[in-house]
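Undergrad: My questions all concern the structure below.
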Amino acid sequence: MSTATTAHWHAIAETLVPETRLLIDGRFCNAVGAGRLASFNPTSGRPVAELACGTSEDIELAADIAERRFRQGVWSRMALRDRMAVMLRLADLVEVNAATFAALDTLEMGKPISEMLSIDVPGSVLAIRYLAECIDKIGGSCPTTNSDALHYMLRQPLGVVGCITPWNYPLMMAAWKVAPALAAGNSVVLKPAEDASLSAILLGKLFLEAGGPDGVFNVVPGRGDVAGKALALSDKVHKIAFTGSTGVGRLMYRYSADSNLKKVSAELGGKSPQIILDDAADLQKVADWVVGGIYGNQGEVCSAGSRILVGGKRHDEFVELFAQTARTKFRPGDPLDPATTMGPLVNRAHQKKVLGFIDIAAEEGATRALGGEAHLERPDGCFVSPTLFTGVRPEMSIASQEIFGPVAAVIRHDGLANAVAIANDTPYGLAAGIWTNDLNSAHAIARDLECGMVWVNGYMNGDMSQPWGGWKASGQGRDKAIEALLENTQMKSVWVTLNS
Ligand code: NAD
Numbered sequence: 001m002s003t004a005t006t007a008h009w010h011a012i013a014e015t016l017v018p019e020t021r022l023l024i025d026g027r028f029c030n031a032v033g034a035g036r037l038a039s040f041n042p043t044s045g046r047p048v049a050e051l052a053c054g055t056s057e058d059i060e061l062a063a064d065i066a067e068r069r070f071r072q073g074v075w076s077r078m079a080l081r082d083r084m085a086v087m088l089r090l091a092d093l094v095e096v097n098a099a100t101f102a103a104l105d106t107l108e109m110g111k112p113i114s115e116m117l118s119i120d121v122p123g124s125v126l127a128i129r130y131l132a133e134c135i136d137k138i139g140g141s142c143p144t145t146n147s148d149a150l151h152y153m154l155r156q157p158l159g160v161v162g163c164i165t166p167w168n169y170p171l172m173m174a175a176w177k178v179a180p181a182l183a184a185g186n187s188v189v190l191k192p193a194e195d196a197s198l199s200a201i202l203l204g205k206l207f208l209e210a211g212g213p214d215g216v217f218n219v220v221p222g223r224g225d226v227a228g229k230a231l232a233l234s235d236k237v238h239k240i241a242f243t244g245s246t247g248v249g250r251l252m253y254r255y256s257a258d259s260n261l262k263k264v265s266a267e268l269g270g271k272s273p274q275i276i277l278d279d280a281a282d283l284q285k286v287a288d289w290v291v292g293g294i295y296g297n298q299g300e301v302c303s304a305g306s307r308i309l310v311g312g313k314r315h316d317e318f319v320e321l322f323a324q325t326a327r328t329k330f331r332p333g334d335p336l337d338p339a340t341t342m343g344p345l346v347n348r349a350h351q352k353k354v355l356g357f358i359d360i361a362a363e364e365g366a367t368r369a370l371g372g373e374a375h376l377e378r379p380d381g382c383f384v385s386p387t388l389f390t391g392v393r394p395e396m397s398i399a400s401q402e403i404f405g406p407v408a409a410v411i412r413h414d415g416l417a418n419a420v421a422i423a424n425d426t427p428y429g430l431a432a433g434i435w436t437n438d439l440n441s442a443h444a445i446a447r448d449l450e451c452g453m454v455w456v457n458g459y460m461n462g463d464m465s466q467p468w469g470g471w472k473a474s475g476q477g478r479d480k481a482i483e484a485l486l487e488n489t490q491m492k493s494v495w496v497t498l499n500s
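When the letters of the sequence shown are read in order and numbered with this note's numbering, they come out as residues 1 to 500.
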């Protein structure tokens with residue numbers, strides 16, 4: 001798709017009239033308490049929209065209707081090919097509305113419009129299509145038994161799935177959560193993030209346009225500690241599919257324990273290592289990937305390769321190439337300009353938090369090799385320039401805590417075993433990258449890394465066949481792939497006694 005001109009995108013942004021109400025039972029409505037949720041443009045500080053702010057009562061209404069629709073079977077028992085057709089039409093409609101989705105997410109959270117058009121929108125369309133195509137491919141099993149019995153195992157939907165999503169990929173995280181839940185036959189209540197809810201509401205609207213029955217996919221924006229908490233505590237909800245911080249992820253398990261022991265899947269934070277061995281070929285190419293792996297989406301990526309572990313022999317050469325490449329490829333600017341590669345951070349509080357980490361890194365003795373400041377030419381925006389620290393030790397704050405911003409930490413390693421030890425020395429376990437020309441090193445490191453996803457000589461590339469998720473404090477469960485669909489089902493064993 002053409003990315004058009006900056007003026008074109010500003011014109012689209014200015015004429016958008018997004019739906020701002022809750023979507024419950026196929027109808028748009030205001031929140032029970034008439035509360036409002038303000039959304040701001042982090043590039044200008046100006047308001048984008050004022051949304052209805054769902055309360056626990058709205059969540060209960062949505063969960064109640066979702067459960068009723070589930071029991072009625074309007075979706076859960078719909079002919080599989082009809083369900084698939086609705087989802088494929090939804091994917092088509094997301095594609096048709098690509099420009100609107102792109103503008104909404106860019107306005108609300110600052111992501112460059114070019115990333116919306118090349119990653120988020122196509123990634124969401126692909127996720128919905130892939131999971132729709134899986135609908136009639138879910139297999140049960142039929143183990144061998146003695147001749148007096150027949151035993152088969154079914155995969156059935158759970159009921160109501162509550163989806164709680166973050167602001168960093170507003171449309172795509174909603175698609176990754178909602179598509180497998182719907183594909184498996186569940187009803188859904190989606191609670192998007194406070195900072196960026198508009199694309200989730202539009203997704204719900206398009207589900208209806210695609211022919212989805214009322215009340216099967218409900219969207220209730222609201223505060224996490226009110227609406228999100230009510231959803232996770234609701235006895236009508238049978239699974240929480242959560243993506244967000246590890247701190248809030250922990251709460252999901254508590255809420256589950258305090259309510260109906262609902263299933264929880266949690267895609268949480270990370271502090272992912274990129275391991276560069278001395279034999280890595282073409283260091284410029286490595287720098288291109290590694291720079292993209294930390295500064296893409298302003299570093300607001302769960303799998304951002306924020307710890308760069310470099311072998312002693314290549315350290316200085318790599319740092320120089322990295323800094324040069326970052327300067328050329330990532331310049332903060334207007335995210336509605338199709339040439340912009342780095343937008344502002346999501347809000348002022350987050351900008352302050354990221355700048356605070358940069359101050360602490362200097363205090364702890366790391367060397368600032370690049371960036372490290374708010375973008376002074378744009379004081380109204382929540383920008384932080386691409387930042388690189390060298391001389392980082394594993395115990396420093398920037399090497400151990402998730403910053404969720406454009407801050408990279410270079411740590412020296414002295415060989416394969418040491419690199420793996422540093423890489424694993426973290427509570428997180430989401431992703432890792434390995435850069436080497438040696439087949440044995442690549443596979444040995446991949447085997448020993450404690451994380452859910454490993455890339456060799458690439459980073460964050462892949463397709464829908466790749467299950468997305470982590471180990472340790474990065475969570476449990478998987479988005480994408482057939483695994484995401486299976487996680488939205490439950491198993492039933494049927495033992496049939498045969499009398500003759
Ligand atoms: P967050 O945890 O603050 O919020 C995520 C969602 O939880 C939001 O919808 C929020 O309203 C809701 N929430 C907040 N408090 C709640 C509560 N008490 N009860 C129920 N819901 C509550 O995360 P964020 O700042 O929106 O997103 C950034 C985080 O998300 C980072 O840690 C990032 O690594 C993580 N993330 C992980 C993945 C992954 O696939 N592993 C993908 C994207 C983002």
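We treat Cβ as the ideally placed atom computed from N, Cα and C, and that holds for glycine.
Taking the straight line between their C-alpha atoms, what separation do you get for residue 31 and residue 200?
TA: 16 Å
Undergrad: Just the C-alpha distance for residue 26 and residue 219, rounded to the nearest angstrom, thanks.
TA: Roughly 10 Å between the two C-alpha positions.
Undergrad: If you follow the beta strand (DSSP E) that residue 307 is part of, which residue opens it and which one closes it?
TA: Bounds of the beta strand (DSSP E) holding residue 307 are 307-311.
Undergrad: To the nearest angstrom, how far is the alpha carbon of residue 127 from that of residue 500?
TA: 48 Å
Undergrad: Are there any heavy atoms of the ligand NAD lying less than 8 Å away from the beta-carbon of residue 404, as far as the coordinates show?
TA: yes
Undergrad: Contact defined as beta carbons within less than 8 Å: I believe residue 94 pairs with residue 124. What is the distance between those atoms, to the nearest angstrom?
TA: 6 Å
Undergrad: Does the separation of the CB atoms of residue 273 and residue 422 fall below 9 Å?
TA: yes
Undergrad: Shorter than 8 Å, the distance from the beta carbon of residue 245 to the closest heavy atom of the ligand NAD, or not?
TA: yes
Undergrad: Would you tell me roughly how many angstroms separate the C-alpha atoms of residue 275 and residue 308, rounded to the nearest one?
TA: 6 Å
Undergrad: In three-state terms, what does DSSP make of residue 375?
TA: coil
Undergrad: Can you name, in chain order, every residue of its own chain whose Cβ lies under 7 Å from the Cβ of residue 373, other than the five neighbours on each side?
TA: Excluding sequence neighbours, residue 373 sits near 385.
Undergrad: To test your reading of the DSSP string, which unbroken alpha helix (DSSP H) runs of 4 or more residues are found completely within the region 264-330?
TA: 283-295 and 315-329
Undergrad: Beta-carbon separation of residue 67 and residue 159 under 9 Å?
TA: yes
Undergrad: Say yes only if the C-beta of residue 468 is nearer than 8 Å to one or more non-hydrogen atoms of the ligand NAD, and no if none qualify.
TA: yes
Undergrad: Can you check which of these residues, 387, 411, 406 and 382, is closest to residue 396 by C-alpha distance?
TA: Ranking 387, 411, 406 and 382 by Cα distance to residue 396 puts 411 first.
Undergrad: With a 10 Å radius around its C-beta and 16 neighbouring C-beta atoms as the bar for buried, classify residue 209 as buried or exposed.
TA: That one is exposed.
Undergrad: Look at the alpha carbon of residue 1 and the alpha carbon of residue 339, and state the distance between them as a whole number of angstroms.
TA: The pLDDT assigned to residue 1 is 48, lower than 50, so where the model puts this residue is not dependable, and the model offers no usable value.
Undergrad: How would you label residue 492, buried or exposed, when you count the other beta carbons within 10 angstroms and need 16 or more for buried?
TA: exposed
Undergrad: Any idea which residues DSSP pairs residue 163 with across the strands?
TA: 190 and 241
Undergrad: Can you give the Cα-Cα distance for residue 23 and residue 187, rounded to whole angstroms?
TA: 13 Å
Undergrad: Would you kindly work out how many angstroms separate the C-alpha atoms of residue 453 and residue 148, rounded to a whole number?
TA: 45 Å
Undergrad: How would you label residue 233, buried or exposed, when you count the other beta carbons within 10 angstroms and need 16 or more for buried?
TA: By the 10 Å Cβ count, residue 233 comes out buried.
Undergrad: Which whole-angstrom value is the C-beta distance of residue 150 and residue 498, which I expect to be below 8 Å?
TA: 6 Å
Undergrad: Should residue 191 be labelled buried (16 or more other beta-carbon atoms within 10 Å of its own) or exposed?
TA: buried
Undergrad: What is the rounded straight-line gap between the Cα of residue 145 and the Cα of residue 284?
TA: 59 Å
Undergrad: I believe residue 501 touches residue 293 by the beta-carbon criterion, under 8 Å. Please report the beta-carbon distance rounded to the nearest angstrom.
TA: In the structure displayed, the chain extends from 1 to 500; residue 501 sits before or after that span and is not available.
Undergrad: Tell me where the alpha helix (DSSP H) around residue 246 begins and ends.
TA: 246-258
Undergrad: With DSSP collapsed to three states, give me the class of residue 28.
TA: strand
Undergrad: Taking only three categories from DSSP, how would you classify residue 121?
TA: helix
Undergrad: Who are the Cβ neighbours of residue 391 in its own chain at under 6 Å, not counting the five residues just before and after it?
TA: Same-chain partners within the cutoff: 366 and 367.
Undergrad: Is it a yes or a no for the region 37-48 touching the region 69-85, going by three-plus beta-carbon pairs under 8 Å?
TA: no
Undergrad: Does the beta-carbon distance from residue 196 to residue 170 come in below 9 Å?
TA: yes
Undergrad: Between residue 266 and residue 291, how many whole angstroms is the CB-CB distance? I'm expecting something under 8 Å.
TA: Incorrect: roughly 29 Å between the Cβ atoms, too far for contact.
Undergrad: Between residue 387 and residue 393, what straight-line distance do the alpha-carbon atoms span, to the nearest angstrom?
TA: 17 Å
Undergrad: Determine the closest residue to residue 240 out of 419, 362 and 178, with distance taken between C-alpha atoms.
TA: 178
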